[in-house]
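These notes are about the structure you will find just below.
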Amino acid sequence: MKFEGIYTPAVTPLTSDGSIDKTAFAEVLEYLVDSKVHGIIIGGSTGEYYAHTAQERFDLAAQAKDVLRGRLPLIVGTGAIRTEDSVAYAEAAKAIKADALLVGSPPYALPTQKEIALHVKAVDRAADLPIMLYNYPGRMSVSMGEEFFDEVRDVKNIVAIKESSGDTAQMHRLACKYPHIALSCGWDDQALEFFAWGARSWVCAGSNFIPHEHVALYEACVVEKDFDKGRRIMAAMMPLMDFLEGGKFVQSIKYGCELNGLSTGGLRAPLHGLDLEEKQALQGVVTELKRNIAQITGGV
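So the sequence shown is numbered by this note's numbering: it starts at 1 and just counts up by one.
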């Protein structure tokens, strides 16, 4: 599998009683298909996987497979503290014929580089599916380093990495020392830099509600190889990047979806939605962003 384009870690809508809204979830997926993103990730941080039961995660992935019907590749997240749980999510992904796995370091446990490698290898054995690694030390508290990459060099299913450290030196290291692993942007305000260093995909939560603008940046940099245009699009997106990094990331993504008429139904605790002032501020940022990017791309 080749990871190319915009991959959306889909949000998980909730009903008024806090249960998962399956009808609204299907509508989110249909919106993303219509918006021509290039792939869907279920069980990512944006989907609030950490607040779901194991059965809810199994059910969401299975529903996504049924709704998508092969129209877009489906990548299933395997994030969990226990390797046994990650293996179970991988096995379930294989059972529904998912296209790939998203595999990160177990959070909280603080595994060594070799232990992270053993974790990844166990997940790989369970499913034998293409793997996009997920390096996000801000959430996992450990980073995938050179010892780890040396340990997993023989894992043929590792085809890509979502690099979310925010460390440009790490991005350079991956591009130069591990070119066999496709680089994918996982740190939004560095998307232009990732594309300049050869990334051909971007896993971006914001594409839940402004997919066309994210696709426009990908097309400018990767398809058209017009980095002057890409810089202008990225500059127009930076106010949104700054807003999303203000401490209420998933909350903002879900409200952004509501601005498009999608139902999200709030969040699971401990998270809570934006207040009125924050909602108004985000709406203003999105309105200006869309107007500016439309002028750059010639859209309406």
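Using N, Cα and C, we set each Cβ at its ideal position, and we do this for glycine too.
By the neighbour-count criterion, in which 16 or more other beta carbons inside 10 Å mark a residue as buried, E163 falls on the buried side. Bounds of the alpha helix (DSSP H) holding L244 are 227-244. Segment contact: the stretch 100-120 against the stretch 129-148, three or more CB-CB distances shorter than 8 Å; contact assigned. Around the beta carbon of E213, 16 or more other beta carbons lie within 10 angstroms, which makes this residue buried.
In this structure, the straight-line span from the alpha carbon of I293 to that of V222 is close to 17 Å.
Per the DSSP secondary-structure output, Y255 pairs with nothing in a beta bridge. L133 and V103 do touch by the CB rule: their CB atoms are close to 6 Å apart, below 8 Å. Ranked by Cα distance from G261, the first of T8, D21, V28 is V28. Under the three-state reduction of DSSP, N208 is assigned to helix. Within 10 angstroms of the beta-carbon of S184 lie 16 or more other beta-carbons, which makes it buried.
For M1 against A95, the beta-carbon gap comes to about 18 Å, at or over 8 Å, which does not count as contact. Residue pairing by DSSP puts W202 in a beta bridge opposite I6, C185.
Residue environment analysis places D128 among the exposed positions, since fewer than 16 neighbouring C-beta atoms fall within 10 angstroms of its C-beta. Residue L267 holds the alpha-carbon nearest to the alpha-carbon of S16 among L267, E278, R291. Within the DSSP bridge table, the entry for Y134 names G104, K162 as partners. Taking a cut-off of 8 Å for Cβ pairs, the stretch 205-212 and the stretch 249-260 touch, as three or more such pairs fall below it. Looking at V123, K65, Y136, the one whose alpha-carbon comes closest to that of R82 is V123.
DSSP lists I42, L101 as the beta-bridge partner residues of V76. By the Cβ criterion, the stretch 46-53 is in contact with the stretch 3-20, since at least three pairs of Cβ atoms, one from each stretch, lie closer than 8 Å. A straight line joining the alpha-carbon of R232 with that of G198 spans about 19 Å.
Cβ-Cβ separation between F3 and A182: approximately 5 Å, consistent with a contact (criterion under 8 Å).
Counting along the chain, the unbroken alpha helix (DSSP H) around G284 starts and ends at 276-297.
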